[in-house]
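Visitor: Below is one structure. I have some questions about it.
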Amino acid sequence: MALARLLEGKPVAEKIKLEIKSQAQKLKQQPVLASVLVGDNPGAASYVKSQAKTALELGIIYKLFQLDKDTTEQALIDFILKLNLDKTVNGIIVQMPLPQHIDCRKISESLAPFKDVEGLHPENTGKLFLSRSGFASCTASAVMELLNSTGVDLYGKEAVVVGHSEIAGKPLAFLLLDKFATVTVCHIGTSKAGKLEEHVRRAEVLIVAVGKAGLIKGDWVKEGAIVIDVGINRIGAKIIGDVEFEKAQKHAAYITPVPGGVGPLTVTMLMRNLVEAAKLQQ
Ligand code: NAD
3 MALARLLEGK PVAEKIKLEI KSQAQKLKQQ PVLASVLVGD NPGAASYVKS QAKTALELGI
63 IYKLFQLDKD TTEQALIDFI LKLNLDKTVN GIIVQMPLPQ HIDCRKISES LAPFKDVEGL
123 HPENTGKLFL SRSGFASCTA SAVMELLNST GVDLYGKEAV VVGHSEIAGK PLAFLLLDKF
183 ATVTVCHIGT SKAGKLEEHV RRAEVLIVAV GKAGLIKGDW VKEGAIVIDV GINRIGAKII
243 GDVEFEKAQK HAAYITPVPG GVGPLTVTML MRNLVEAAKL QQ
């Protein structure tokens, strides 16, 4: 039995970056992404580094604003409102996680929808529901690009999404519906009811975004399935996904490695949204 083909994010990202770079060069002004970092979360600091590097590579100005960890929710909202009005800024990203005293939902809602390059504002999530163009979640768009890179037509395929978060599972369900896949969304309730395995076994396209190492057993994977593992789990010094990779690879036709699958594409999707925002604004 042949092993699944690896769906690596980097080569897909490189192709899309060429297009973004050429679009950015056509703009009257260099596009600007404002990045707001509150406090000193090490995870958020590492995202900032990778975003700054990609922005530089693509000819995008990356302006980092570092706010104290004790910044109040209202002070952060006021800061964002100023960025909303700043004509030199095309897009805004607020780094997650935010300190616990700040409600992320209120922060997303304070963004101007046309600068919300992460697709978190209700207007953008609403547009996704209505299949209208807006900014879609970068993680969900990254998954769709990986699926697209296989050349497999999703029309009528059994797609199973495990995880129903606002940044991954829910937007993915809508993006897959737009491709006319038959979509099942599983979550903690599915597992608690003991039904996760039966849904996963049916999946011709399986997308897992939970954050639990080994949740999906390799031998549940259907022969010839496409498996996209969004999960990131740090086990000691190692990073692994939610799917038992080695076993799943024996059944799937395509599978993403973790790390190296969805991750490298997510920042590229952010920059694509930013250049799109700049185009619309200019
Ligand atoms: P989240 O915590 O917001 O949502 C987790 C989801 O998993 C929920 O829908 C929950 O119901 C479900 N769930 C929890 N336990 C379950 C179980 N036992 N069985 C079935 N479903 C279960 O998580 P999130 O923000 O969507 O992130 C999910 C994972 O994806 C994390 O590991 C995160 O680090 C990773 N992630 C990766 C990228 C990337 O670029 N590669 C981007 C975003 C998130």
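Just so we're aligned: the sequence shown equals residues 3 to 284 in our numbering. Think of the CB as a built atom: it goes at the ideal place given N, C-alpha and C, for glycine as much as any other residue. Computed from a predicted model, the values in this text were never measured in an experiment.
Take Ile22 as the anchor and find which of Leu58, Gly213, Ile94 and Trp222 has the nearest alpha-carbon.
Guide: Leu58
Visitor: Looking at the strands, I want to know which residues DSSP matches up with Cys140.
Guide: Partner(s): none; Cys140 has no beta bridge.
Visitor: For the region 41-52 against the region 75-90, are there 3 or more C-beta pairs whose distance is under 8 Å?
Guide: no
Visitor: The ligand NAD and Val212: does the residue's C-beta get closer than 7 Å to at least one heavy atom of that ligand?
Guide: yes
Visitor: Between the Cα of Ala142 and those of Ala114, Leu174, Arg134 and Arg236, spot the shortest distance and give me the residue it belongs to.
Guide: Comparing Cα-Cα distances from Ala142 to each of Ala114, Leu174, Arg134 and Arg236, the minimum goes to Leu174.
Visitor: Take Asp244 as the anchor and find which of Leu208, Glu160 and Gly191 has the nearest alpha-carbon.
Guide: Leu208
Visitor: Here's the rule I'm using: 16 or more other beta-carbon atoms within 10 Å means buried, otherwise exposed. How should Gln53 be labelled?
Guide: buried
Visitor: What does DSSP give as the partner residues of Cys188 in its beta bridges?
Guide: For Cys188, the pairing in a beta bridge is given by DSSP as Val164.
Visitor: Quick test of the definition: if touching needs 3 or more C-beta pairs under 8 Å, does the region 195-204 touch the region 118-130?
Guide: Too few Cβ pairs lie closer than 8 Å, so no.
Visitor: When the distance is taken between beta carbons, is Glu111 closer than 8 Å to Pro101?
Guide: no
Visitor: Is the region 175-191 touching the region 228-235 in the sense that three or more CB pairs, one from each, lie closer than 8 Å?
Guide: no
Visitor: Using the Cβ count rule (16 or more neighbours within 10 Å means buried), how would you classify Asp70?
Guide: By the 10 Å Cβ count, Asp70 comes out exposed.
Visitor: Pick from Cys140, Leu179, Phe137 and His166: whose alpha carbon is nearest that of Asp155?
Guide: Leu179
Visitor: Should Gln27 go down as buried or exposed, given a rule of 16 or more other Cβ atoms within 10 Å for buried?
Guide: exposed
Visitor: In its own chain, which residues sit with a C-beta less than 6 Å from the C-beta of His189, not counting the 5 before and 5 after it?
Guide: His166
Visitor: Take Gln251 as the anchor and find which of Ile95, Ile218 and Val14 has the nearest alpha-carbon.
Guide: Ile218
Visitor: Check whether the Cβ of Thr184 sits closer than 7 Å to any heavy atom of the ligand NAD, and report yes or no.
Guide: no
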